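Remarks on the structure that follows.
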Ligand SMILES: [Zn+2]
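Residue numbers (the working numbering): 1 to 430.
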């Protein structure tokens with residue numbers, strides 16, 4: 001018998017953004033899917049009469065769908081430990097793979113059953129390989145949707161040293177292309193390499209070598225008179241190039257994500273009709289309304305903004321609240337990896353701090369995450385409770401509606417109907 005049932009007393013249903021009582025969910029470990037969701041009448045028929053051998057009693061816990069982190073980098077570890085340049089330059093591909101495997105275990109145990117991983121950061125297509133290894137059951141981790149290499153223009157998104165002998169960089173983080181035809185080819189190359197999502201940079205700090213106090217550390221005030229903006233972001237693609245990336249990706253039914261840290265970059269990405277905008281710290285009401293109209297999803301990455309843009313973090317929190325008020329679809333993704341995997345819920349905490357109702361935050365981190373992965377384009381359904389959805393279910397020890405730290409007390413984790421954590425302890429991981 002491959003089917004068994006989880007019995008709950010408190011279950012958050014993100015589709016109606018409400019808590020439901022006495023729901024039972026039957027799952028099938030052969031297919032990894034939910035086969036039935038039903039409400040019990042415990043008065044008429046006590047659970048002791050219907051509970052079967054192998055069922056799981058989660059009454060008294062707080063049940064959510066498995067969480068989705070909509071912006072991660074499995075091969076990065078915290079910038080507080082080591083900068084991106086040092087990680088890419090000094091760590092072997094083997095070390096970075098081992099780290100990635102560990103990050104995936106940690107994320108799963110923190111309740112994250114899906115990662116939208118937006119760029120392998122110098123690891124070529126290893127993100128697609130890790131996705132497949134997890135899917136084949138070789139190592140535990142969230143279900144990965146990956147971008148492989150990001151698409152950027154020449155010299156725009158690369159680690160640099162001052163000994164590069166003509167501008168060469170190491171190792172390549174981006175598929176660097178210029179002009180409409182090369183953009184088209186890059187999308188085709190990414191799709192062929194196994195990308196689930198096309199990620200491109202609308203803008204970046206490409207003048208990084210201008211008056212750098214230290215290599216790749218232009219914000220460290222070690223020179224006496226640095227320019228006012230030592231390391232500004234500028235657009236890296238023209239409107240025409242962005243339009244081509246989006247239309248070419250659409251032909252392969254592949255969602256497109258754009259890194260935008262300037263107003264101009266975000267405007268062009270919105271105009272091109274991308275699926276998700278990452279970061280986007282300079283949105284106006286006009287732009288937010290356009291995003292709402294075009295159903296473009298905002299992934300605010302507050303967790304990294306808190307670290308990199310602390311001087312205007314309150315503005316960024318206000319902007320996210322405004323986006324929510326104007327009906328912009330929000331998905332919850334922290335740029336996890338630049339801060340530790342396992343601390344993913346920091347993003348939810350910051351969205352709550354921005355003033356977004358908790359039920360909406362939980363919805364953004366489940367259904368919103370699925371939509372950011374491309375919704376039905378991603379080939380699977382997850383993030384809520386219904387027949388034929390992936391059986392991704394977590395349980396918390398405390399009520400997330402009333403305890404701010406509840407999201408950090410993950411008691412139980414199931415992904416694809418396989419249990420990875422019970423009673424707060426990992427299980428099935430060797
Ligand atoms: Zn990122």
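C-beta atoms are modelled at their ideal positions from N, C-alpha and C, and glycine is treated no differently. Small disclaimer: the values here were computed from a predicted structure and weren't measured.
Report, in whole angstroms, the separation of the C-beta atoms of residue i and residue j, which I expect to be a contact under 8 Å.
| i | j | result |
| --- | --- | --- |
| residue 150 | residue 174 | 5 Å |
| residue 47 | residue 27 | The pair is not a contact, with the Cβ atoms about 17 Å apart (cut-off 8 Å). |
| residue 134 | residue 183 | Between residue 183 and residue 134 the Cβ distance is about 30 Å, and since that is not below 8 Å, they are no contact. |
| residue 148 | residue 128 | 6 Å |
Between the alpha carbons of residue i and residue j, how many angstroms are there, rounded?
| i | j | result |
| --- | --- | --- |
| residue 374 | residue 254 | 7 Å |
| residue 258 | residue 276 | 6 Å |
| residue 159 | residue 187 | 22 Å |
| residue 412 | residue 58 | 9 Å |
| residue 280 | residue 270 | 11 Å |
| residue 294 | residue 273 | 7 Å |
| residue 321 | residue 330 | 10 Å |
| residue 354 | residue 247 | 34 Å |
| residue 387 | residue 292 | 30 Å |
| residue 75 | residue 304 | 16 Å |
| residue 501 | residue 124 | The structure shown has nothing for residue 501, since the chain only spans 1 to 430. |
| residue 336 | residue 170 | 23 Å |
| residue 139 | residue 260 | 33 Å |
Are the CB atoms of residue i and residue j nearer to each other than 8 Å?
| i | j | result |
| --- | --- | --- |
| residue 122 | residue 172 | yes |
| residue 301 | residue 73 | no |
| residue 2 | residue 24 | no |
| residue 97 | residue 126 | yes |
| residue 62 | residue 404 | no |
| residue 117 | residue 154 | no |
| residue 366 | residue 68 | yes |
| residue 142 | residue 113 | yes |
| residue 290 | residue 268 | no |
| residue 323 | residue 377 | no |
| residue 66 | residue 32 | no |
| residue 231 | residue 207 | yes |
| residue 40 | residue 22 | yes |
| residue 120 | residue 60 | no |
Within 10 angstroms of the Cβ of residue i, are there 16 or more other Cβ atoms? Answer buried if so, exposed if not.
| i | result |
| --- | --- |
| residue 325 | exposed |
| residue 417 | buried |
| residue 491 | Within the shown structure, residues of the chain are numbered from 1 to 430, placing residue 491 beyond reach of any answer. |
| residue 429 | exposed |
| residue 201 | buried |
| residue 390 | buried |
| residue 12 | buried |
| residue 341 | buried |
| residue 332 | buried |
| residue 310 | exposed |
| residue 439 | Any property of residue 439 remains undetermined from this structure, which presents the chain solely from 1 to 430. |
Counting only beta-carbon separations shorter than 8 Å, does residue i have a partner in chain D?
| i | result |
| --- | --- |
| residue 202 | The structure shown contains no chain D, having only a single protein chain. |
For residue i, verify whether its CB is less than 7 Å away from any heavy atom of ligand 3.
| i | result |
| --- | --- |
| residue 85 | Of the ligands one can find in the structure shown, namely ligand 1, none is ligand 3. |
Next item on the list: Please go through the region 328-406 and give each complete alpha helix (DSSP H) segment of 4 or more residues, from N-terminal end onward.
Entry: Taking only runs of at least 4 residues, the alpha helix (DSSP H) segments lying wholly in the region 328-406 are 346-353, 358-364, 367-372.
Next item on the list: Give, in chain order, every unbroken run of the beta strand (DSSP E) that is at least 3 residues long and sits entirely within the region 76-139.
Entry: Within the region 76-139, the beta strand (DSSP E) runs of at least 3 residues that lie entirely inside it are, in chain order, 112-117.
Checklist line | Uninterrupted alpha helix (DSSP H) stretches inside the region 171-212 (no shorter than 4 residues) | finding: Within the region 171-212, the complete alpha helix (DSSP H) runs of at least 4 residues are 179-192.
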